[in-house]
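Protein chains in written order, with my numbering: chain Y, 24 to 221; chain H, 387 to 649. Reading through the structure tokens given below for one structure.
Here is the structure:
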């Protein structure tokens with residue numbers, strides 16, 4: 024490689040990313056909170072359930088994982104309502120957190136968001152954390168009862184057909200969708216990079 | 387049962403070799419280029435990663451509106467007293483009282499305002515309040531080790547706590563974690579979400595710890611180590627540490643190029 028000419032010194036300080044570390048096993052008193060899984064109160068007429076199991080590469084459930092969701096409202100707008108954490112039972116703040124139970128199962132009630140863009144299908148943003156996960160993983164839960172919108176969605180269209188279904192939450196009961204998250208191996212969930220894999 | 391029974395066969399020396407080999411391989415592969423800031427998800431010396439990392443490459447996604455903003459936390463979410471982990475019980479916790487302060491900034495150095503910071507840690511003896519923590523060190527009835535803060539207009543946070551102790555874990559025989567405080571951050575965009583651990587300067591366990599060493603860039607690792615700051619120390623009360631955090635990634639003002647989805 025030819026010798027580099029001297030680069031000019033940075034006039035501005037550089038702001039370099041702080042690295043991630045695993046959440047570890049002992050977040051239980053810190054991160055789960057009352058109402059965390061109830062992004063929309065279950066008694067609200069528009070409430071839907073999103074639930075599933077977090078599985079490792081051996082197919083074993085991960086009881087020490089937790090899941091966050093962040094979704095738009097029914098019109099496709101992100102909520103700007105204050106109190107995302109200490110939400111009341113009437114509003115909708117869009118953010119939820121559910122710790123897996125002893126069977127590795129998480130469950131939210133929320134609303135089905137509207138599509139955010141012309142030509143895009145509606146989805147919930149999903150983040151997965153746990154012991155052994157050194158940097159959390161992002162994915163999206165699209166909705167199985169939106170076949171036409173999903174067929175036209177630009178992200179889903181770029182994913183191998185054989186793996187696309189891992190991003191689809193499957194209707195499994197009235198107002199309920201199942202979205203298992205497989206970290207590794209057969210049926211491995213498609214995880215997303217937003218330019219943050221640095 | 388004394389905990390030294392039922393220990394894994396794998397020794398610290400085995401882990402040391404794995405860490406050194408991986409470090410050499412990463413440096414070779416980078417060929418003088420930049421190493422990543424974030425840890426490798428498939429970092430074998432940390433055994434719990436083995437079945438918990440994806441094997442497929444991540445798929446690049448263009449962030450939509452929901453990914454470019456964060457939840458709106460308000461004054462009702464967090465009480466100011468939650469920033470002091472030493473006042474949550476009737477008595478004072480045991481240990482070395484410390485203050486940890488700093489700023490949360492984005493990749494352009496702009497403050498991350500009014501965002502939630504969540505904190506948890508072991509007590510001065512290295513014990514967590516958690517039923518699965520079996521380390522036979524004493525619990526402290528005056529310390530839960532949980533705090534929450536909403537950052538100020540300048541992106542600052544200020545935490546009062548006690549210095550956590552190192553603790554053993556079962557990754558390998560005689561494995562000890564360096565003392566650390568867990569932090570969870572939200573940026574201005576949800577894609578800036580970060581959970582990490584803050585360490586203390588000069589910890590002799592750094593070189594031995596596969597979680598810390600999973601960040602293969604030595605300069606990036608050091609960004610998790612707080613600095614002792616005498617100006618933060620309070621006379622007759624607490625020693626002070628400073629730790630700034632940078633959350634890069636698309637900001638709320640990021641504009642998608644036209645037709646990016648069809649490129």
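Every residue, glycine too, gets a C-beta built ideally from N, C-alpha and C. All of these numbers come straight from a predicted model, not from anything done at the bench.
6 Å CB neighbourhood of residue 127 of chain Y in its chain, flanking five on each side removed: For residue 127 of chain Y, where only same-chain residues beyond five positions count, the Cβ hits under 6 Å are 76, 77, 84, 85, 86.
In its own chain, which residues sit with a C-beta less than 7 Å from the C-beta of residue 477 of chain H, not counting the 5 before and 5 after it? For residue 477 of chain H, where only same-chain residues beyond five positions count, the Cβ hits under 7 Å are 528.
Quick one: what's got a C-beta closer than 6 Å to residue 55 of chain Y's C-beta in the same chain, skipping five residues either side? Cβ neighbours of residue 55 of chain Y beyond the five flanking positions: 122.
Are residue 45 of chain Y and residue 120 of chain Y close, meaning C-beta to C-beta below 8 Å? Remark: C-beta atoms of residue 45 of chain Y and residue 120 of chain Y do not approach each other more closely than 8 Å.
Who are the neighbours of residue 141 of chain Y on chain H, taking C-beta pairs under 8 Å? Those do not exist, as residue 141 of chain Y stays about 11 Å from chain H at its closest Cβ, beyond 8 Å.
List the residues that DSSP assigns as beta-bridge partners of residue 507 of chain H. Paired residue(s): H:567.
Could you tell me which of Y:79, Y:115, Y:39, Y:50 sits nearest to residue 64 of chain Y, measuring between CA atoms? The residue from Y:79, Y:115, Y:39, Y:50 with its alpha-carbon nearest to that of residue 64 of chain Y is Y:115.
Within its chain, find whatever has a CB closer than 6 Å to the CB of residue 539 of chain H; leave out the 5 residues flanking it on each side and keep chain order. Only 499 meet the Cβ criterion.
Thinking C-beta only, is residue 88 of chain Y closer than 8 Å to residue 152 of chain Y? Going by C-beta atoms, residue 152 of chain Y is nearer than 8 Å to residue 88 of chain Y.
Which whole-angstrom value is the C-beta distance of residue 537 of chain H and residue 486 of chain H, which I expect to be below 8 Å? Between residue 486 of chain H and residue 537 of chain H the Cβ distance is about 13 Å, and since that is not below 8 Å, they are no contact.
Checking the sheet assignment: what are the DSSP bridge partners for residue 698 of chain H? The question about residue 698 of chain H has no answer, for chain H in this structure spans 387 to 649.
On a CA-only basis, which of H:565, H:616, H:587, H:463 is nearest residue 509 of chain H? Give me that one, please. Minimum Cα-Cα distance from residue 509 of chain H among the listed residues H:565, H:616, H:587, H:463 corresponds to H:565.
Would you mind working out which of H:403, H:516, H:545 sits nearest residue 619 of chain H, comparing C-alpha positions? Per the Cα distances, H:545.
Residue 582 of chain H versus residue 436 of chain H - alpha carbon distance: Taking the straight line joining both Cα atoms gives about 20 Å.
State buried or exposed for residue 205 of chain Y, treating a residue as buried only when at least 16 other CB atoms are found within 10 Å of its CB. Of the other Cβ atoms in all chains shown, 16 or more fall within 10 Å of the Cβ of residue 205 of chain Y; this residue is therefore buried.
The beta strand (DSSP E) that contains residue 119 of chain Y, what's its start and end? Start and end: 118 to 122.
Contact set between residue 446 of chain H and chain Y, taken where Cβ atoms lie within less than 7 Å: Within chain Y, the residues 216 have their CB atoms less than 7 Å from the CB of residue 446 of chain H, given in chain order.
The beta strand (DSSP E) with residue 526 of chain H in it runs from where to where? Neither: residue 526 of chain H is in no beta strand (DSSP E) and is coded neither H nor E.
Going along the chain, which unbroken runs of the alpha helix (DSSP H) with 4 or more residues stay wholly within the segment 156 to 201 of chain Y? With a minimum length of 4 residues, the continuous alpha helix (DSSP H) runs that stay inside the segment 156 to 201 of chain Y are 170 to 175, 177 to 180, 184 to 187.
Relative to the C-alpha of residue 575 of chain H, which candidate in Y:60, Y:94, Y:73 has its C-alpha closest? The shortest C-alpha separation from residue 575 of chain H is found at Y:94.
To the nearest angstrom, how far is the alpha carbon of residue 645 of chain H from that of residue 99 of chain Y? Note on residue 645 of chain H: pLDDT 44, under 50, position unreliable in the model; the coordinate value appears next. Between the C-alpha atoms of residue 645 of chain H and residue 99 of chain Y there is a straight-line separation of about 20 Å.
Are residue 191 of chain Y and residue 148 of chain Y closer than 8 Å when you measure CB to CB? With contacts defined by Cβ atoms closer than 8 Å, residue 191 of chain Y and residue 148 of chain Y do not form a contacting pair.
What are the start and end residues of the beta strand (DSSP E) that includes residue 403 of chain H? First-last for residue 403 of chain H: 398 to 416, but that is the alpha helix (DSSP H), not the beta strand (DSSP E).
Could you check whether the segment 193 to 209 of chain Y touches the segment 555 to 562 of chain H, counting it as contact only if at least three pairs of C-beta atoms, one from each stretch, sit closer than 8 Å? The segment 193 to 209 of chain Y makes no contact with the segment 555 to 562 of chain H, as fewer than three CB pairs between them are under 8 Å.
Using beta-carbon positions only, say whether residue 596 of chain H and residue 431 of chain H come within less than 8 Å of one another. Contact flag set, yes.
Neighbour list for residue 514 of chain H in chain Y, Cβ cutoff strictly below 7 Å: One finds 49 in chain Y with Cβ atoms closer than 7 Å to the Cβ of residue 514 of chain H, taken in chain order.
Name the residue from H:434, H:631, H:511, H:535 whose alpha carbon lies nearest to the alpha carbon of residue 471 of chain H. Out of H:434, H:631, H:511, H:535, the CA that lies nearest to the CA of residue 471 of chain H is found in H:535.
Leaving out five residues before and five after residue 213 of chain Y in sequence, what residues of the same chain have Cβ atoms less than 8 Å from its Cβ? In chain order, 162, 182, 186, 187, 189, 190 place their CB closer than 8 Å to the CB of residue 213 of chain Y, counting only its own chain and leaving out the 5 sequence neighbours on each side.
Status (buried if at least 16 other CB within 10 Å, exposed otherwise) for residue 629 of chain H: So residue 629 of chain H ends up on the buried side.
Flag residue 425 of chain H as yes if its beta-carbon sits less than 8 Å from any beta-carbon of chain Y, otherwise no. It does: the Cβ of residue 425 of chain H has a partner Cβ on chain Y nearer than 8 Å.
Does the beta carbon of residue 632 of chain H sit closer than 8 Å to a beta carbon anywhere in chain Y? By this cut-off, residue 632 of chain H is an interface position.
So the candidates are Y:103, Y:107, Y:96; which of them puts its Cα closest to the Cα of residue 463 of chain H? Checked all of Y:103, Y:107, Y:96; the closest Cα to residue 463 of chain H is Y:107.
Residue 218 of chain Y (DSSP reduced to helix, strand or coil): Per DSSP, reduced to three states, the secondary structure at residue 218 of chain Y is coil, with no helix or strand assignment.
Just the C-alpha distance for residue 144 of chain Y and residue 168 of chain Y, rounded to the nearest angstrom, thanks. Distance between the alpha carbons of residue 144 of chain Y and residue 168 of chain Y is about 11 Å.
Of all Cβ atoms in chain H, is any one closer than 8 Å to the Cβ of residue 79 of chain Y? With its beta carbon less than 8 Å from one in chain H, residue 79 of chain Y belongs to the interface.
Rounded distance between the beta-carbons of residue 70 of chain Y and residue 198 of chain Y, thought under 8 Å: 7 Å between Cβ atoms; contact.
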